[in-house]
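Colleague: If you scroll down you'll find the structure; I have some questions about it.
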Amino acid sequence: MEDAFATHGLFSKAQRQLVGAYFLSEYSFEASALFNPSIVPHPDQSGAPTGGLRFILSLRAIGEGHVSSLTFRTGMIAADGSLVVDPTARLASVPRITSRVSGPEGDRVDLMFRPEEDLSERVIFPVTESQSNGIEDVRFVKFNEGDRQTYYATYTAYSGRAIRSELIETSDFRSFRLMPLRGSAAHNKGMALFPRKIDGRYAMIARQDNENLYLLYSDDLYTWEGGGVPLLKPQFPWEFVQIGNCGSPIELDEGWLLLTHGVGPVRKYSIGAALLDKRDPSKVLARSAEPLLRPEPSEREGYVPNVVYTCGAMRHKDRIILPYAVSDTFSSFATIGISALIASMQR
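Just so you know, we're using the working numbering here: the sequence shown kicks off at 0 and counts up by one.
Here it is, written out as structure tokens:
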């Protein structure tokens with residue numbers, strides 16, 4: 000307005016709002032799809048029901064122009080496993096960029112939201128060249144390392160020409176750091192971080208060849224080299240085309256529960272699971288011969304038909320809380336008893 004109107008300071012508030020409106024356009028960032036969720040415990044458990052907990056749900060939102068952004072919801076899980084999602088704010092807010100550091104692998108960017116903004120208002124749009132066409136399939140995990148409470152999330156950065164894996168770091172879901180991952184193994188998609196170190200090293204599930212799953216280790220959280228250890232190959236008809244992870248492994252008494260997705264005939268995506276040895280996750284103890292979840296007839300149609308998919312589930316007592324996307328359009332929830340889940344897997 001300063002360039003266009005030398006006397007803009009004389010405008011009334013209503014006049015300034017009117018002029019500003021002519022320079023703006025409304026953008027509905029969730030208009031096409033709200034999908035591929037992941038779930039983690041909320042860092043602030045005040046107000047949680049007895050025996051329950053508060054959670055944060057991350058979601059991939061697609062609006063006009065087919066650009067993916069990251070948005071959030073909050074909610075509560077009761078002691079009996081019933082679940083309620085909190086009301087969503089009417090408007091959205093974007094963060095302030097507090098720091099940008101350029102490097103050979105790309106930009107490291109720090110973002111900050113205002114404390115009075117509800118978490119469901121906060122939207123992270125692409126802010127670097129590598130993400131310019133989308134921040135896709137964010138997999139959040141609460142990482143356990145001493146007394147420090149940190150949430151990490153791997154995601155696929157899409158520039159319109161290339162993809163690669165990048166990392167989000169936050170402790171409060173108000174301030175976020177987005178940065179590229181280095182190394183040959185990071186030039187791929189669908190990486191999922193274990194929630195703690197294993198034998199002093201970081202561990203990651205990845206799909207290096209667009210078909211099979213591999214186990215990676217690294218001393219440096221931000222650098223991932225090599226092809227990794229082969230972990231899972233397509234074995235059953237529902238996953239013959241390819242398999243991938245469905246979020247970070249979940250630690251159970253019995254081992255690491257790794258949710259997987261499999262692609263079968265007619266590009267049908269289903270969700271299964273594998274149980275990995277707790278001390279040596281390269282050892283597969285059991286896996287799903289049949290899907291835990293597959294598209295129902297009522298869920299078949301959508302932006303991408305015949306798909307159920309998740310970017311991360313969470314344990315609550317004796318259940319797995321599983322948010323999942325339906326045909327790349329909307330999201331829903333399922334709960335699975337842990338004992339029944341493990342009993343259903345083939346050893």
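Note that the Cβ used here is the ideal one computed from N, Cα and C, for glycine as well.
Does G19 come out as helix, strand or coil in the three-state DSSP assignment?
Modeller: Start at 1 with the first residue of the sequence shown, and residue 19 comes out as number 20. In the structure shown, G19 sits in a helix (DSSP, three-state: H, G or I).
Colleague: For S269, report the span of its beta strand (DSSP E) as first-last.
Modeller: Here residue 269 refers to the residue found at position 270 when the sequence shown is read from its first residue. Counting along the chain, the beta strand (DSSP E) containing S269 begins and ends at Y268 to L275.
Colleague: What span of residues does the beta strand (DSSP E) with S68 cover, start to end?
Modeller: Here residue 68 refers to the residue found at position 69 when the sequence shown is read from its first residue. Element bounds for S68: S67 to I76.
Colleague: Can you list, in chain order, the residues of its chain with a C-beta nearer than 7 Å to that of I335? Leave out the 5 residues immediately preceding and following it.
Modeller: One-based indexing of the sequence shown puts residue 335 at position 336. Hits under 7 Å: L291, R318, I319 and L321.
Colleague: Since A347 and F139 should fall inside the 8 Å C-beta cutoff, what is the C-beta to C-beta distance between them, to a whole number of angstroms?
Modeller: Here the chain has residues from 0 to 346 only, and residue 347 is not among them.
Colleague: Starting from the C-beta of M111, find all residues in its chain whose C-beta is less than 6 Å away, skip the five residues before and the five after it, and write them out in chain order.
Modeller: Translated into positions along the sequence shown, residue 111 becomes position 112. Excluding residues within five positions, the ones whose Cβ falls inside 6 Å are P94, R95, T97 and S174.
Colleague: Do you know how far the Cα of R266 is from the Cα of L340?
Modeller: Residue 340 sits at position 341 when you count from the first residue of the sequence shown. Residue 266 sits at position 267 when you count from the first residue of the sequence shown. Cα-Cα distance, rounded: 25 Å.
Colleague: Check whether the Cβ atoms of L58 and F34 sit closer than 8 Å, and answer yes or no.
Modeller: Within the sequence shown, the letter at position 59 stands for residue 58. Within the sequence shown, the letter at position 35 stands for residue 34. Result yes, Cβ atoms of L58 and F34 sit closer than 8 Å.
Colleague: Which parts of the region 155-239 are runs of the beta strand (DSSP E), unbroken and 3 residues or longer, counting only runs that do not cross its ends?
Modeller: List check, beta strand (DSSP E) in window: 162-169, 174-179, 201-205, 212-217 and 228-231.
Colleague: Taking the alpha-carbon positions, what's the I197 to Y21 distance?
Modeller: As a working note, residue 197 is residue 198 in the sequence shown. As a working note, residue 21 is residue 22 in the sequence shown. If I take the Cα positions, the gap works out to 56 Å.
Colleague: Hey, would you say the C-beta of P94 is under 7 Å away from at least one heavy atom of the ligand ADP?
Modeller: In the structure on display, the ligand ADP does not appear, and there are no ligands present to speak of.
Colleague: Please list, in chain order, all residues of the same chain as H186 whose beta carbon is under 6 Å from its beta carbon, the five residues on each side excluded.
Modeller: Counted from its first residue, the sequence shown places residue 186 at position 187. The answer, listed in chain order, is R163.
Colleague: For the region 267-326, list the beta strand (DSSP E) runs that are entirely contained and at least 3 residues long, ordered along the chain.
Modeller: Here the runs fully enclosed are 268-275, 283-286, 313-315 and 318-325.
Colleague: Where does D327 land, buried or exposed, given buried means 16+ other C-beta within 10 angstroms?
Modeller: The count along the sequence shown starts at 1 and reaches residue 327 at position 328. By the 10 Å Cβ count, D327 comes out buried.
Colleague: Take the Cβ of D136 as the centre, count every other Cβ of all protein chains shown within 10 Å, and call the residue buried at 16 or more, exposed below.
Modeller: One-based indexing of the sequence shown puts residue 136 at position 137. Buried.
Colleague: With a threshold of 8 Å between beta-carbons, can P322 be considered close to chain C, or not?
Modeller: Judged by its chain identifiers, the structure shown contains no chain C, having just a single protein chain.
Colleague: Count the other C-beta atoms from every protein chain shown that fall within 10 angstroms of the C-beta of K12, then say buried if there are 16 or more, exposed otherwise.
Modeller: Within the sequence shown, the letter at position 13 stands for residue 12. With fewer than 16 other Cβ atoms within 10 Å, it is exposed.
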